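Take the sequence shown: its letters are residues 3 to 1125, numbered as in this note's numbering. Positions of the beta carbon are idealized from the N, C-alpha and C atoms, including for glycine. Model, not experiment: these values are computed from the prediction. Each remark here refers to the structure printed beneath this line.
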Amino acid sequence: MSLTQSHISALYIALFGRASEGAGNKFWLNAANTQNLSMADIANAMLNTGAAKEYFGGNLNTDEKFINHIYENVLGKGAGIDKEGKAFWINKLKEGANKGFIASQLLKEALDPKYSNSTDEATKAAHNLLVNKVLASNMVADSIQNVPNSSIQNALKSFTDINSNISSTLKANDIKKVIQDNKGNLTVDESKLDESAKQNNKVKILSQVTGKSEDEIKQILPKEDNPSTPDTPTPPDNPTPPTPPAPNPQPEPNPNPPQPPVPNPEEPNKIVGTDGTDHIRGTDKKDFIDAKGGNDFVDGLGGDDEIYGGEGKDRITGGDGNDTIYGDGGDDEIMGDAGDDTLYGGDGNDIIFGNGGNDTIYGGKGNDKIYGELNDKLLDGGEGIDALLLTGSQIDLGAVQKNKIKNFEILDLNKGSYIGMVLKNLTPQNVLNITSNKDTILKISGGNKDTVILDKKFTASADTSGLDANYNRYEGLNDKGELIKVDIEKSIKTVFAATEPTDDADYIQGTQEADIIRAKGGDDVIYGNGGDDEIYGDEGNDIIHGNEGADKLFGGAGDDAIYGGEGNDTIEGNEGKDKIYGNDGDDTIKGGEGDDILKGEGGNDTIYGEGGKDNIFGNEGDDILKGGGDDDKIYGGEGKDTIDGEAGNDTLYGNDGDDTIDGGEGNDEIYGHKGKDTLKGGEGDDKIYGELSDTLLDGGEGVDTLILEDKEIDFNTLQADAIKNFEILDLGSGNSNAATLRNLSPQNISKLTSNKDTILKINGDDKDIAVLSGFTASADTNGLDANYNRYEGLNDKGELVKVDIKKSIKTAFLSDQPTDNADYIQGTQGADIIRAKGGDDIVYGNDGDDTIYGNDGNDALYGGKGEDKLYGGADNDVIYGDEGDDTIYGNEGNDTLYGGDGDDEIYGGEGNDEIEGGAGNNTIYGNEGDDNIYGGGDDDTIDGGDGNDFLYGDNGNDTIEGGSGNDTIKGSYGDDHIEGGEGDDKIYGELNDTLLDGGEGYDSLYFNEDVDFDAIRDTLNQKISNFEQLHLGYTGDDTVKLNNMTAADIFAMTDNKDTILKIKGDKKDSVGLKGFTKVSNDPGVENGYTRYESTYTDTSGTHTIKVDIENPVHVDLVGISTP
3 MSLTQSHISA LYIALFGRAS EGAGNKFWLN AANTQNLSMA DIANAMLNTG
53 AAKEYFGGNL NTDEKFINHI YENVLGKGAG IDKEGKAFWI NKLKEGANKG
103 FIASQLLKEA LDPKYSNSTD EATKAAHNLL VNKVLASNMV ADSIQNVPNS
153 SIQNALKSFT DINSNISSTL KANDIKKVIQ DNKGNLTVDE SKLDESAKQN
203 NKVKILSQVT GKSEDEIKQI LPKEDNPSTP DTPTPPDNPT PPTPPAPNPQ
253 PEPNPNPPQP PVPNPEEPNK IVGTDGTDHI RGTDKKDFID AKGGNDFVDG
303 LGGDDEIYGG EGKDRITGGD GNDTIYGDGG DDEIMGDAGD DTLYGGDGND
353 IIFGNGGNDT IYGGKGNDKI YGELNDKLLD GGEGIDALLL TGSQIDLGAV
403 QKNKIKNFEI LDLNKGSYIG MVLKNLTPQN VLNITSNKDT ILKISGGNKD
453 TVILDKKFTA SADTSGLDAN YNRYEGLNDK GELIKVDIEK SIKTVFAATE
503 PTDDADYIQG TQEADIIRAK GGDDVIYGNG GDDEIYGDEG NDIIHGNEGA
553 DKLFGGAGDD AIYGGEGNDT IEGNEGKDKI YGNDGDDTIK GGEGDDILKG
603 EGGNDTIYGE GGKDNIFGNE GDDILKGGGD DDKIYGGEGK DTIDGEAGND
653 TLYGNDGDDT IDGGEGNDEI YGHKGKDTLK GGEGDDKIYG ELSDTLLDGG
703 EGVDTLILED KEIDFNTLQA DAIKNFEILD LGSGNSNAAT LRNLSPQNIS
753 KLTSNKDTIL KINGDDKDIA VLSGFTASAD TNGLDANYNR YEGLNDKGEL
803 VKVDIKKSIK TAFLSDQPTD NADYIQGTQG ADIIRAKGGD DIVYGNDGDD
853 TIYGNDGNDA LYGGKGEDKL YGGADNDVIY GDEGDDTIYG NEGNDTLYGG
903 DGDDEIYGGE GNDEIEGGAG NNTIYGNEGD DNIYGGGDDD TIDGGDGNDF
953 LYGDNGNDTI EGGSGNDTIK GSYGDDHIEG GEGDDKIYGE LNDTLLDGGE
1003 GYDSLYFNED VDFDAIRDTL NQKISNFEQL HLGYTGDDTV KLNNMTAADI
1053 FAMTDNKDTI LKIKGDKKDS VGLKGFTKVS NDPGVENGYT RYESTYTDTS
1103 GTHTIKVDIE NPVHVDLVGI STP
């Protein structure tokens, strides 16, 4: 399926948490659909750009950080949510899955239309929110073409603001208003925005991302999500057509009709820069821009622009339209963007991108690097040692017109690209066409995924003069009999076009008929083309393409890559580490010996791993997949797959569909995933990951473990024999899912173990709950692990059944009335008053405005729906307000308190509490102790109280007061009001915050964005005050620039003329001071700092203002630069 604008928008949201601009969306969409790239390919390419690396810095340098980032952007799940799900994907990364694949899979799942009908409101809202964000990104891409020139954080701020202000309930016109309200300095084409709002809707978005028709999507979605259509009016019973009026007589023609005015040619908008560093933005009409000297940044935007960079290292973007750009002097970077552009590098070592359209590119003087396409009108390297980088996965030099590509010394196949490129018809004459000089030796660079097909006129050259050790040289005679040479990087797969197979590396093309091709030695490249072909690779690391037809393909010895193409193919890898792709059709694939990668792709495929540790992917269709004798990994993909691990310690994934999986021999791991699966462990100590909705979960022989992925597990609902032959039940210890086991009775334990003498072991952690019925504590400690408690009871047959439950699991006994033991108490659907007693109780209020008292013990209290009042009492309690405007008191102990949905009021009380407000406008008081408080998604009010607290506002316009103690405060998103209060506080702020006040003590302000004090000086005194220290950047990876800082600015930030502001940073940061001088030999300066001073005059007089700046920071003093 070709990618669409919505796919690219979804990737912008998942990877960068922002809406996409038009130029970027179009660039990636064009790359995808011209190079036949998948969503995962594009995601990887996005993450590997220099801009992405600059944007993220080190923030995504671990698998855990990356998965948390994607979960937050796609599913709205923060760092502490769904740890089990995240652990699954983190494990996938550690097993070798790439980040692009992970991001695309999560997006594919989250955008499944079925979630529009989910009965779980949170799931439905998360799905609708993501769809609305994609819709918003499409509208932004249609109406805002480019990212402004600025630091990357500032340039992208409006795009992230738009994304973060989208909600799940908005319609297209509401989203249009969000874009208009958060556009900042961006230029919005209002007419295009209006049109995009009309054209985009949920049905269209889901149709694009799933490939289903809009009619199919409408059948899935609830009525309220379908675009409204007007009712068809009912015609009258006997309609009578009206009588047409008599025609008016036509007027006589005017013998002298007025002539239309002759239009004047469009006058360009003229913009002239300076000899300094200019940031110039054109208009959407025709511009004439002369940037003159300096290292300039120029964006022509729309229109047919004429742009001159002048001297200096310029960065010029043409934007839409047929632009003409001159880089002139200096090492320039020129991007033509959309339209048929004419680009001149001029002097210097330039980098030039055509970027779409039929462009004409001249490198000029210097060693230039030109990125072009075969459809460009002209690519001319000019003077110097110039490199050409052509886009596309297949380049046929035989199809290139003479003089269309010339004056290049290097042809770069984009070394390091994950795609790989095939360069065809490399003849001596075509090499001369590229170099335009018979004495120039063309150098071709690339990587191990690239292939160069040499004409048979070339042979290995004995000339090694000037030959790089990493290259091989070939020579041959061109059409005039001149000797032409080419150097090809050794990592590139190099083959010779051949009509008959040889023992060398051959390139062999079949016909459109049924061919039989038997290659010989060498690393061959073979294309069967049309017909039902029979191809034998024989020895060597061969690449075989069956293409169309029902082909029979045999790799032979060596590490082969085999592609079935269309048709029902039979493929055998034979010996070696082979990579086999069935492509379309119902294929039969056998890996043979060696550690193979086998992918069925489209169709109902049958795949045998055979020998070696294989990775097998069924992909689409109802596949039959068999591992063979070693430790294999098998992925069913979509469809009703049948998977047999056979021998070895296998890892088996059913993925989508109602799959049947048998582990076979060995200690296997089996994951059913979606669908009503049948999962059998077979022999060995297996781990099976299943759900209560699965058709069968059978551990088989050995000590088998069942890991249930359900949150609510009621054993009374289990059908007989649906779950059997397990010795261990694991609730997912260490993941974020809190599982509740209900009706854990002796009879139900007998169902799971299928053996009255088996003592079931239940693993979990302190988030999990086990509700026992019919059990008592057992005196039998024979073989009991010290970390477990044993219980026993009689089943329906009177047999004694035992169970060992890990001590970390919260265990309670089903109870009608509170006792001093660990009780499990359920409220009614009305307004309950429940007073628990001693013991570690579990209490559910359910619906209604409940009042619950935990009293003594480490209690777990759940308010349920309604406006509840929950009191933890003594000890370390866990309290969930759930839905409604709840009031929660942790009281004594180190409590964990969750407000849930609604405008909650939460009091931590004594102890070091962990508090999360959740959705709604919450009011949170930490009270005593060192508390960690998280506001949630709306406008929260947070008071840390006593102690060294960590306070995090999260989304919304929050009001945060640190109180006493050395607090750390992060407002995060929104326009926050932050006061540190007493103590030495750390405050992380942004310029959009309404107040940043350090309060009493030695307080530090952390900034992560560039600041021009000339732009904010009017509001500085009301916004920032009472700080003694300023940190440049949140982490060591940030780059922060402070410009035009005066003594008045520092006085405004410290509110004390005697306070010496200390600025900390590193060599990537810079500070521009106005009116300051450097102070030498001041004994009061800390080692590693330099002091600067200036004067400030107000109504009370003239004051000396001092600032100490850490030495690695770059400082500018009114035109005087010091390192």
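Excluding the 5 residues flanking Asn46 on each side, which residues of the same chain have their C-beta closer than 7 Å to its C-beta? If you ignore the 5 residues before and after Asn46, its C-beta comes within less than 7 Å of the C-beta of Asn100, Lys101, Gly102, Tyr420, all in its own chain and listed in chain order.
Is Thr125 helix, strand or coil when you go by DSSP? The answer is helix: DSSP assigns Thr125 an H, G or I state.
What residue range is occupied by the uninterrupted beta strand (DSSP E) comprising Tyr14? Boundaries for Tyr14: no beta strand (DSSP E) harbours it, while the alpha helix (DSSP H) harbouring it runs 7 to 18, taken from the DSSP string.
Over what stretch of residues does the alpha helix (DSSP H) that includes Leu208 continue unbroken? Its alpha helix (DSSP H) spans residues 204 to 212.
Do Gly901 and Ile908 come within 8 Å of each other at the CB atom, strictly closer than that value? It is a contact, given that the beta carbons lie within the stated cut-off.
How would you call Lys225, buried or exposed, if buried means at least 16 neighbouring beta carbons within 10 angstroms? Label assigned to Lys225: exposed.
Run through DSSP, which three-state label would Lys628 get? DSSP places Lys628 in strand when its eight states are reduced to three.
Is Leu77 helix, strand or coil by DSSP? Under the three-state reduction of DSSP output, Leu77 falls in the helix class.
Compute the beta-carbon to beta-carbon distance between Ala838 and Tyr855, rounded to the nearest angstrom, for a pair I have assumed lies under 8 Å. About 6 Å; that satisfies the 8 Å criterion.
According to DSSP, what are the bridge partners of Arg475? Residue pairing by DSSP puts Arg475 in a beta bridge opposite Asp489.
Could you check what DSSP says for Thr1124 in three-state terms: helix, strand or coil? Its pLDDT being 40, under 50, Thr1124 is placed unreliably in this model, and the value from its coordinates should be taken loosely. In the structure shown, Thr1124 sits in a strand (DSSP, three-state: E or B).
Cβ-based neighbour list, Leu627, same chain, cut-off 6 Å, excluding 5 preceding and 5 following: Within the same chain, Cβ atoms closer than 6 Å to the Cβ of Leu627 are found at Ile609, Ile618, Gly620, Ile636, Ile645, the five residues on either side in sequence being excluded.
For Ser215, does the count of other Cβ atoms within 10 angstroms reach 16, so buried, or fall short, so exposed? Under this definition Ser215 is an exposed residue.
Simplified DSSP assignment, three categories, for Leu774: Strand, per DSSP.
Would you kindly work out how many angstroms separate the C-alpha atoms of Leu1032 and His1105, rounded to a whole number? Just so you know, the alpha carbons of Leu1032 and His1105 end up roughly 21 Å apart.
Gly530 and Gly542: beta carbons closer than 8 Å? Their beta carbons are not under 8 Å apart, which means Gly530 does not touch Gly542 by this criterion.
Among Ala876, Leu425, Lys1066, which one has its Cα closest to the Cα of Gly394? Checked all of Ala876, Leu425, Lys1066; the closest Cα to Gly394 is Leu425.
Going by DSSP in three states, Val133 sits in which element: helix, strand or coil? Reduced to three states, the DSSP call for Val133 is helix.
Leaving out five residues before and five after Leu479 in sequence, what residues of the same chain have Cβ atoms less than 8 Å from its Cβ? Cβ within range, chain order: Pro430, Lys459, Leu485, Ile486.
Rounded to whole angstroms, what's the CA-CA distance from Val705 to Asp688? Just pull it up for me. Between the alpha carbons of Val705 and Asp688 lies a gap of roughly 7 Å.
Span separating the alpha-carbon of Asn187 from that of Ser160: One C-alpha to the other measures close to 8 Å.
Using the C-alpha atoms, what's the distance from Lys200 back to Pro237? Bear in mind that the predicted position of Pro237 carries a pLDDT of just 35, short of 50, making it unreliable; the figure below should be weighed with that in mind. For Pro237 and Lys200, the distance between alpha carbons rounds to 30 Å.
Suppose the cutoff is 7 Å on Cβ atoms and the five residues either side in sequence are ignored; what does the same chain contact list for Lys116 look like? Excluding its 5 nearest sequence neighbours in each direction, Lys116 has C-beta neighbours in its own chain below 7 Å: Ile222, listed in chain order.
Identify whether Tyr57 lies in helix, strand or coil by the three-state DSSP scheme. DSSP places Tyr57 in helix when its eight states are reduced to three.
Flag this pair as yes or no: are the beta carbons of Ile1111 and Ile1065 separated by less than 8 Å? Yes, they are a contact pair.
First and last residue of the alpha helix (DSSP H) that includes Thr437? Residues 430 to 437.
Whole angstroms is fine: what's the gap from Asp553's alpha carbon to Lys173's? Going from the Cα of Asp553 to the Cα of Lys173 covers about 51 Å.
Of the residues Leu17, Tyr57, Tyr990, which one's Cα is nearest the Cα of Glu74? Measuring from the Cα of Glu74, the nearest candidate turns out to be Leu17.
Can you check which of these residues, Asn405, Ala401, Leu415, is closest to Ala389 by C-alpha distance? Taking only the C-alpha atoms, the option nearest Ala389 is Leu415.
Terminal residues of the alpha helix (DSSP H) in which Leu223 lies: Note, Leu223: premise wrong, no alpha helix (DSSP H); not H, not E.
Cα separation between Glu693 and Asp643? Rounded to whole angstroms, the gap between the alpha carbons of Glu693 and Asp643 is 17 Å.
Since Gln1024 is in the alpha helix (DSSP H), which residue starts that stretch and which ends it? Gln1024: member of the alpha helix (DSSP H) spanning 1015 to 1025, first to last residue.
Beta-carbon gap between Ile436 and Asp489 smaller than 8 Å: No, the pair does not count as a contact, with Cβ atoms beyond the cut-off.
According to the neighbour-count rule (16 or more other Cβ atoms, all chains shown, within 10 Å of its Cβ), is Asp664 buried or exposed? Buried, since its Cβ has 16 or more Cβ neighbours within 10 Å.
What did DSSP end up calling His675 once you bin it into helix, strand or coil? In this structure, DSSP gives His675 a state outside helix and strand, which the three-state scheme calls coil.
So, using beta-carbon positions, are Ile771 and Tyr790 closer together than 8 Å? Against a cut-off of 8 Å, the Cβ pair of Tyr790 and Ile771 comes out as no contact.
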